[in-house]
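Below is one structure, written out as structure tokens, with a few remarks after it.
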Amino acid sequence: MTITNENILMVLGIVLVEIRATDDLTKARMLADSFHNAPSNIANGAGPQDTWASVLNTARRLDMERYVVSLLSHVQARQISN
Numbered sequence: 013m014t015i016t017n018e019n020i021l022m023v024l025g026i027v028l029v030e031i032r033a034t035d036d037l038t039k040a041r042m043l044a045d046s047f048h049n050a051p052s053n054i055a056n057g058a059g060p061q062d063t064w065a066s067v068l069n070t071a072r073r074l075d076m077e078r079y080v081v082s083l084l085s086h087v088q089a090r091q092i093s094n
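Per my numbering, the sequence shown starts with residue 13, numbered consecutively.
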């Protein structure tokens with residue numbers, strides 16, 4: 013399935029809830045680091061693939077890539093079922 017800005021923003025929404033809900037400050041920081049550039053990339057006209065690649069590069073460096081990819085899969089599966 014193609015990655016869209018809508019997908020990325022929906023994942024970001026989940027991430028913000030995760031950050032707010034966790035007691036694990038390390039996890040919260042890693043999620044914030046992975047996604048903090050996504051809104052400005054989208055606002056500045058970057059393509060969704062480039063924005064997602066940036067998110068994944070940071071998530072990979074922080075050993076969170078599998079989790080971040082699972083969030084995207086969850087969002088995309090919800091869109092298919094709707």
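Just so it is clear, CB atoms sit at the ideal spot from N, CA and C, and this is done for glycine as well.
Since the model is a prediction, treat every value here as computed from it, not as a measurement.
#1: Can you give me the C-alpha to C-alpha distance between L74 and L28, rounded to a whole angstrom?
#2: Secondary structure at A25, three-state DSSP: helix, strand or coil?
#3: Who are the Cβ neighbours of A44 in its own chain at under 7 Å, not counting the five residues just before and after it?
#4: Report the three-state DSSP secondary structure of A55 (helix, strand or coil).
#5: Check whether the segment 73-90 and the segment 52-59 are in contact - that is, three or more C-beta pairs closer than 8 Å.
#6: Where do the ends of the alpha helix (DSSP H) carrying N49 lie?
Put simply:
#1: Numbered from its first residue, the sequence shown carries residue 74 at position 62. Numbered from its first residue, the sequence shown carries residue 28 at position 16. Whole-angstrom Cα-Cα distance: 17 Å.
#2: As a working note, residue 25 is residue 13 in the sequence shown. The question names Ala, but residue 25 is Gly in the sequence shown. Correct three-state label for G25: helix.
#3: What you label residue 44 is simply residue 32 of the sequence shown in a count that begins at 1. So the qualifying residues of the chain are I31.
#4: Here the question's residue 55 lines up with position 43 in the sequence shown. Three-state DSSP puts A55 in a helix.
#5: no
#6: The residue given as residue 49 occupies position 37 in the sequence shown. No alpha helix (DSSP H) contains N49, which DSSP labels as neither H nor E.
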